[in-house]
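Take a look at the structure below.
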Amino acid sequence: MKKVLFFIFLLAFLTSKAQNSTKQEKLIIGTWKYNVAYDTIAEVDTTDFYKPYAEREKKYFFTKIKVKKSTAKLSDYLEKWNVTWEIKNSNELYFFLEDKKIVKYLIIKLTSDTLELREPNSKISTLGYYK
Numbered sequence: 004m005k006k007v008l009f010f011i012f013l014l015a016f017l018t019s020k021a022q023n024s025t026k027q028e029k030l031i032i033g034t035w036k037y038n039v040a041y042d043t044i045a046e047v048d049t050t051d052f053y054k055p056y057a058e059r060e061k062k063y064f065f066t067k068i069k070v071k072k073s074t075a076k077l078s079d080y081l082e083k084w085n086v087t088w089e090i091k092n093s094n095e096l097y098f099f100l101e102d103k104k105i106v107k108y109l110i111i112k113l114t115s116d117t118l119e120l121r122e123p124n125s126k127i128s129t130l131g132y133y134k
């Protein structure tokens, strides 16, 4: 009896996780534009300050994100990237770039017209996007 109840609980838990992920995937599809007025306090990154420029980790900043079912187009003021994307653990957004780099964000807020992302190591600042 306990095994049956445990199985039913496990099945219900996994089903609810899958439904939540599907809902997020539907919400994120579309064109998102960076909203400079929405941003919180800027955070100064000094981790690579004393390294030579060529050795510093490249920071990505996207002004436009166009998300389709399994692919996305990311752009900043100068470059554009064709990427694949995935949502993991219901709040982690991964962009897989062509050069085998992975850009990870935490989803702070996702509604039909607002997307808030934060870099995992960032404590304060968020990136705000709107449709």
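When we follow this note's numbering, the leftmost residue of the sequence shown carries the number 4, and every step to the right adds one.
Here a beta-carbon is modelled for each residue, glycine too, at the ideal position from N, C-alpha and C.
Because the structure is a prediction, the values reported are computed rather than measured.
Let me know the secondary structure DSSP gives K26 once reduced to three states. Sequence index remark: in the sequence shown, residue 26 carries index 23 (1-based). Correct three-state label for K26: helix.
Can you find the residues in the same chain that come closer than 6 Å, C-beta to C-beta, to L100, ignoring five residues on each side of it along the sequence? Taking the first residue of the sequence shown as 1, we reach residue 100 at position 97. Apart from sequence neighbours up to five positions away, the residues of its chain that approach L100 with a beta-carbon distance below 6 Å are W84 and V86, ordered along the chain.
In chain order, what residues of the same chain lie with their CB nearer than 6 Å to the CB of L130, ignoring the 5 residues before and after it? Position 127 of the sequence shown, counted from the first residue, corresponds to residue 130. For L130, same chain residues with a beta-carbon under 6 Å away, outside a window of 5 residues either side, are L120 in chain order.
Hey, does F64 have any beta-carbon neighbour from chain C nearer than 7 Å? In the structure shown, chain C does not exist; there is a single protein chain.
Could you check where the beta strand (DSSP E) with I105 kicks off and where it finishes? Taking the sequence shown and counting its residues from 1, the one referred to as residue 105 is at position 102. Looking at the DSSP string, the run of the beta strand (DSSP E) that includes I105 is I105 to L113.
Does DSSP classify L118 as helix, strand or coil? In the sequence shown, residue 118 corresponds to position 115, counting from 1. In the three-state reduction of the DSSP assignment, L118 falls in the strand class, which pools E and B.
Thinking C-alpha only, which one of S93, N94 and Y63 is nearest D79? The residue given as residue 79 occupies position 76 in the sequence shown. Closest in alpha carbon position to D79, among S93, N94 and Y63, is Y63.
Per DSSP, the bridge partner or partners of K61: In the sequence shown, the residue the question calls residue 61 occupies position 58. Its beta-bridge partners do not exist; DSSP assigns none.
Nearer than 6 Å: is that true of the beta carbon of I105 relative to any heavy atom of the ligand SAH? Absent from the structure shown: the ligand SAH. Ligands present: none.
Straight-line CA distance for D102 to K76? As a position in the sequence shown, residue 102 is number 99, starting the count at 1. As a position in the sequence shown, residue 76 is number 73, starting the count at 1. Near 14 Å, if we compare the C-alpha coordinates of K76 and D102.
Measure from the alpha carbon of Y132 to the alpha carbon of each residue in L81, T25 and V70, then state which is nearest. Numbered from its first residue, the sequence shown carries residue 132 at position 129. That would be V70, whose Cα lies nearest to the Cα of Y132.
C-beta atoms of L81 and Q27 nearer than 7 Å: The count along the sequence shown starts at 1 and reaches residue 81 at position 78. The count along the sequence shown starts at 1 and reaches residue 27 at position 24. Judged by their CB atoms, L81 and Q27 are not nearer to each other than the 7 Å cut-off.
Answer yes or no: do P167 and K107 have a C-beta to C-beta separation smaller than 7 Å? Residue 167 cannot be examined here, being either before or after the span of the chain that is shown, 4 to 134.
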